[in-house]
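Notes follow once the structure below has been shown.
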Amino acid sequence: MRALYYMLMDDTIILATSRQRANEKIGVLREFCITLGMITNESKTQFMVINGEEDDRNPIIHDDLNITNCDMYTYLGARFPQDGRLTSSVKAQVATKICLVVKFEAFVRKNPDAPFAAKKKVFSAALVAAILYGSCNAHVLFMHQITFGSEKNHGHGSVSYGGWIALSPRARGDAQRRCIKKLTLERANDVDDLFMHVWRITQDAGTPAFKYAKALLDITDAERIDATRERVLSSERSKFVTYRTMMNPALTTHPMYTDPTVCEYKRRALTKFLLSSHNLAIERGRWSRTPRHERLCTDCDLNAIQDEEHVLSVCPRFQIIRTNHPSVNFHLPDFF
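Residue numbers for the sequence shown follow UniProt numbering, so the first one is 1 and each next one is one higher.
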């Protein structure tokens, strides 16, 4: 499997899966250009071969147009290498930006007594702007995390999505499964679709990414929820213990996830609280390895551990909320 990228000076890209298909598409493009009175700038027209053979890198000759191979393509300062390796892209990116680091270092050495504000402004101009300008390809990593990604949450720290899936039908796994299923169904018969080429390559190689995606497609909702519920019940991690003992002992789906009238920001805020994704001392102490009895509330004089139960039902700082809502049971797990 291979993909040939035919690039025009206006950053238009033609995708093909063989030299023959590339020639066919170049022919269509040239007919279009002739019809509109346009020409192809040969000096700025090159191609790359991804996952191909050495012979695929030979020049592509179409009539009087000679298209040569290139090792790297630059778009808005971002480097895309022919070998498809992220390390090659980062290495090239760093090589082009190291001069900016040297310039900033020279500025600091030359002006050691310059105000911090001036140094910060030079740093932003010389480094941050230039580096971020050429990092648009980092968006690919974000898409990778959405499709096959790591276990991270919206708030402080990280949390396994096991608890989230038991809570919400809007879980990440559901979104991934719908996305992959839609892509495979829509593009299954498209011979030039890169997603399907990547899908088949990973399928033949049996990569972890394909196994994960295949498992998402094969598992049923009931099986997934049962497996997640078992994981929550058997885990001894403090967040899981807190969730199954204080937040949701029955491990049921909260009505807010199926009620379209609930505002999204409210749903998100309550979800973070349910999953202990907050900034209370009980959570901060997990990361600093502070003993539980030392994770005290700094908002009151009760010398009590600042956990979810304390904030909801005891802490004087939130007494006004309890007073304004006398019908609400502020004790866990009845609060939910």
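All residues carry an ideal CB built from backbone N, CA and C; glycine is no exception.
M38 counts as exposed, since fewer than 16 other C-beta atoms from the protein chains shown sit within 10 angstroms of its C-beta. Taking a cut-off of 8 angstroms for Cβ pairs, the region 46 to 54 and the region 73 to 93 touch, as three or more such pairs fall below it. Taking the Cβ atoms as the reference, D192 lies roughly 7 angstroms from R21, within the contact range of under 8 angstroms. Remark: C-beta atoms of L302 and V314 approach each other more closely than 8 angstroms. At a cut-off of 3 residues, the continuous stretches assigned as beta strand (DSSP E) that sit fully inside the region 39 to 101 are 46 to 50, 60 to 62, 65 to 69, 72 to 75, 78 to 81. Around the beta carbon of S43, a 10 Å sphere encloses fewer than 16 other beta carbons of the protein chains shown; the residue is thus reported as exposed. The three-state reading of DSSP puts A125 in helix, counting H, G and I together. In this structure I305 is not in contact with R289, their Cβ atoms being roughly 16 angstroms apart against a cut-off of 8 angstroms.
Between the alpha carbons of H331 and M246 lies a gap of roughly 9 angstroms.
Fully enclosed alpha helix (DSSP H) runs of no fewer than 4 residues occupy 264 to 274, 281 to 288 of the region 247 to 297, in order along the chain. Proximity of the region 250 to 266 to the region 278 to 287 falls short of the contact definition, fewer than three beta-carbon pairs being nearer than 8 angstroms. Between the alpha carbons of R177 and L216 lies a distance of about 6 angstroms. Within the same chain, and ignoring the five residues on either side of N329 in sequence, the residues whose Cβ sits closer than 8 angstroms to its Cβ are F335.
Assignment of I201 by DSSP, reduced to helix, strand and coil, places it in the helix class.
For I305, DSSP records a beta bridge to L296.
Per the C-alpha coordinates, the member of D71, C99, G77 positioned closest to S88 is D71. The straight-line gap separating the alpha-carbon atoms of V232 and T252 is approximately 12 angstroms. By the Cβ neighbour-count rule, D221 is exposed, with fewer than 16 other Cβ atoms within 10 Å of its own.
Taking the C-beta atoms as reference points, P326 is found no nearer than 8 angstroms to N248.
Annotation: R317 is outside any alpha helix (DSSP H) and is labelled neither H nor E by DSSP. Classified as exposed, W287 has fewer than 16 neighbouring CB atoms from the shown chains inside 10 Å of its CB. For Y212, the enclosing alpha helix (DSSP H) starts and ends at 208 to 218. Taking all protein chains in view, the Cβ of H197 is crowded by 16 or more other Cβ atoms within 10 Å, so the residue is classified as buried. If you look at S238, you'll find it in the alpha helix (DSSP H) that goes 238 to 242.
In this structure, L76 sits away from T40, with a CB-CB distance that is not shorter than 8 angstroms.
Around the beta-carbon of I320, fewer than 16 other beta-carbon atoms lie within 10 Å, marking it exposed. When rounded, the separation of the alpha-carbon atoms in S235 and L275 is 15 angstroms. Secondary structure of D226 (DSSP, three-state): helix. In the same chain as L183, and ignoring 5 residues on each side of it, the C-beta atoms closer than 6 angstroms to its own belong to F195, in chain order. With a 10 Å radius around the Cβ and a threshold of 16 neighbouring Cβ atoms, T228 comes out buried. S235 carries a coil assignment under DSSP once its states are collapsed to helix, strand and coil. In terms of CA proximity to I219, K181 leads the group E283, C297, K181.
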